[in-house]
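Before any comments, here is the structure.
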Amino acid sequence: MSLQRLFVDVHTHIYLPRYAALLRSRTNAPRIFSRTGPSGATEDRLVILDNEPSDGRPVGPQYWDRDEKLKFMDRHGIDISFVSTANPWLDFLPFADAQTLASELNAELESYCSTSPPLASGSHSLKRLYGIGLLPLVPNAPTSELPAAVHALAKAHSHVRGVIIGTRGAGNGLDDPALEGLWAALAETGLVVFLHPHYGVDGSAWGPLDNGHVLPLALGFPFETTTAITRLILAGILDRHPRLRILLAHAGGVLPQLSSRLASCIVHDPRVASRLQHDARWYLDRLYFDAVAYGSAELSFVSGAAREGSRRMLFGTDHPFFPPLGAEEKWRSVVENLEAIEGVGAWRDEERDGVRGGNALRLFGLA
Ligand code: URA
Ligand code: ZN
1 MSLQRLFVDV
11 HTHIYLPRYA
21 ALLRSRTNAP
31 RIFSRTGPSG
41 ATEDRLVILD
51 NEPSDGRPVG
61 PQYWDRDEKL
71 KFMDRHGIDI
81 SFVSTANPWL
91 DFLPFADAQT
101 LASELNAELE
111 SYCSTSPPLA
121 SGSHSLKRLY
131 GIGLLPLVPN
141 APTSELPAAV
151 HALAKAHSHV
161 RGVIIGTRGA
171 GNGLDDPALE
181 GLWAALAETG
191 LVVFLHPHYG
201 VDGSAWGPLD
211 NGHVLPLALG
221 FPFETTTAIT
231 RLILAGILDR
241 HPRLRILLAH
251 AGGVLPQLSS
261 RLASCIVHDP
271 RVASRLQHDA
281 RWYLDRLYFD
291 AVAYGSAELS
301 FVSGAAREGS
311 RRMLFGTDHP
321 FFPPLGAEEK
331 WRSVVENLEA
341 IEGVGAWRDE
351 ERDGVRGGNA
361 LRLFGLA
């Protein structure tokens, strides 16, 4: 099959066995614990958010077993996955521990990918799995050490093509001037930065009704991403590092929807405007958006807001989160994301192919 027709998942997670073991050893979040479930059987639960509702979520081999990842890919026709550690990454560890674990997990991820099966079709020599690695970008990290971590990752892990980061940087957000060397190193190495939420926003806005995970995940996550990337843009980071490539989780939160309002607010605040080289909407064309939005209207909007449109959007699943509740063969979360791509009326077939896979292969340097 032509490379341009492959299905590529850029938003799919794991907890590598070493990381899952760490979560099991902990007594407070983030943690994995076992309990006796309603049926009397023992079940494992994952608690990663502070004050997480409903005793967290079920967790199982989908999170750590590579065969499960490959089975999931086969079931949904996914040819290649760019696998990243799920939140909260190393955020809860002191820097020295995070540094050690980042190196160990990156090496494990490299081997997870490099020993994965080859793509069966075509004459290309691609693997089924590639990785998005980790940095010891944790609260109070000595930021002068981060560029070396980036270079070490880029140098020795040919199947790891990016880094996944949260929104807090070294504790002061992504607009922290102390991160300048980090952005420079990421731009220089060409590693793709996958910006992903974890903390949501102030939960006091969610009210007293028990809405489970709905408000933190549906609204808190995208709002968090939106704030983080907006701060990064307003700090001039995309102006100073034109080669930096940032992929935003969940279709960029609400940045595309609010970009004109953002532009207007900037224009009316000359101190901020003087810091930027471009209108706020221009920066949408500097970013990449996963297509994890579950609806055609949302994908149409995002691609319409950026000049390069569909070329900056990339299919993702968020596996193993949002599993089916019943015995369905295919995961609703995946089917909906594929149907959403299919249903964007304004896209030509080549554009749809791009979003399903071709754009990802280009972004991560495989095509
Ligand atoms: N998707 C994620 O990546 N993390 C979560 O915690 C929930 C959904
Ligand atoms: Zn995710």
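1 is the number of the first residue of the sequence shown in UniProt numbering; add one for each residue after it. All C-beta atoms, glycine included, are put in the ideal place defined by N, C-alpha and C. Since we're looking at a predicted model, the values are computed, not measured.
- Residue side-chain check: Ile-48 places its Cβ nearer than 7 Å to a non-hydrogen atom of the ligand URA.
- Each residue's CA atom was taken as its position, placing Arg-348 and Ala-178 some 43 Å apart.
- Nearest C-alpha to Thr-230 among Ile-341, Leu-219, Val-272, Leu-325: Val-272.
- For Gly-304, the enclosing alpha helix (DSSP H) has its first and last residue at 296 to 305.
- Annotation for Glu-43: no alpha helix (DSSP H) segment contains it, though the beta strand (DSSP E) segment containing it runs 42 to 47.
- Nearest to Ser-111 by C-alpha distance, out of Asn-140, Ala-141, Arg-66, Pro-88, is Arg-66.
- Contact between Gly-131 and Val-160 is confirmed by a C-beta separation of about 4 Å, below the 8 Å threshold.
- With a cut-off of 8 Å on Cβ pairs, the stretch 257 to 270 is not in contact with the stretch 207 to 218, counting fewer than three such pairs.
- Its chain contains Glu-336, Asn-337, Ala-340 as the residues whose beta carbon lies nearer than 7 Å to that of Tyr-294, once the 5 sequence neighbours on both sides are disregarded; these appear in chain order.
- It is roughly 13 Å from the alpha-carbon of Asn-28 to the alpha-carbon of Pro-88.
- Sequence-distant Cβ neighbours of Glu-350 in its own chain, meaning closer than 7 Å and more than five residues away, do not exist here.
- The beta carbon of Arg-332 sits closer than 7 Å to the beta carbons of Pro-324 from its chain, once the five residues preceding and following it are set aside; these are given in chain order.
- Judged by the Cβ position, Leu-217 qualifies as a neighbour of the ligand URA at the 7 Å threshold, a heavy atom of the ligand being closer than this.
- When C-alpha distances from Phe-289 are compared across Phe-301, Leu-182, Ala-280, Arg-35, the shortest belongs to Phe-301.
- Comparing alpha-carbon positions, the option among Pro-320, Leu-314, Ala-327, Asp-318 lying closest to Leu-6 turns out to be Leu-314.
- Here DSSP, grouped into helix, strand and coil, assigns Met-313 to strand.
- Minimum Cα-Cα distance from Thr-42 among the listed residues Ile-48, Asp-50, Val-59, Pro-30 corresponds to Val-59.
- Approximately 7 Å separates the beta-carbon atoms of Leu-109 and Leu-16; this is inside 8 Å, confirming the contact.
- The continuous alpha helix (DSSP H) containing Ile-229 extends over residues 221 to 234.
- Around the Cβ of Gln-277, a 10 Å sphere holds fewer than 16 other Cβ atoms; the residue is exposed.
- Counting only residues of its own chain and dropping the five nearest sequence neighbours on each side, Arg-307 has a CB closer than 6 Å to the CB of Asp-285.
- The nearest non-hydrogen atom of the ligand URA is 7 Å or more from the C-beta of Ala-280.
- Annotation for Asp-91 indicates a beta carbon at 7 Å or more from all heavy atoms of the ligand ZN.
- Contact annotation, Leu-174 with Ala-228: C-beta distance approximately 5 Å; criterion of less than 8 Å satisfied.
- Annotation for Asp-349 indicates a beta carbon at 7 Å or more from all heavy atoms of the ligand URA.
- Assignment of beta-bridge partners to Pro-197 by DSSP yields no partner.
- The stretch 136 to 151 makes contact with the stretch 184 to 196; the number of CB pairs closer than 8 Å reaches 3 or more.
- In the displayed model, Pro-177 falls within a helix according to three-state DSSP.
- Look at Asp-318: its beta carbon is less than 7 Å from one of the heavy atoms in the ligand ZN.
- If you look at Ser-259, you'll find it in the alpha helix (DSSP H) that goes 255 to 267.
- Looking at the DSSP output, Gly-133 shares a beta bridge with Val-163.
- Given a length threshold of 3 residues, each whole run of the beta strand (DSSP E) inside the stretch 36 to 105 is given here in chain order: 42 to 47, 80 to 85.
- Relative to the ligand URA, the beta carbon of Asn-87 is positioned inside 7 Å of a heavy atom.
- Taking every protein chain shown into account, the CB of Ala-20 has 16 or more other CB atoms within 10 angstroms, so this residue is buried.
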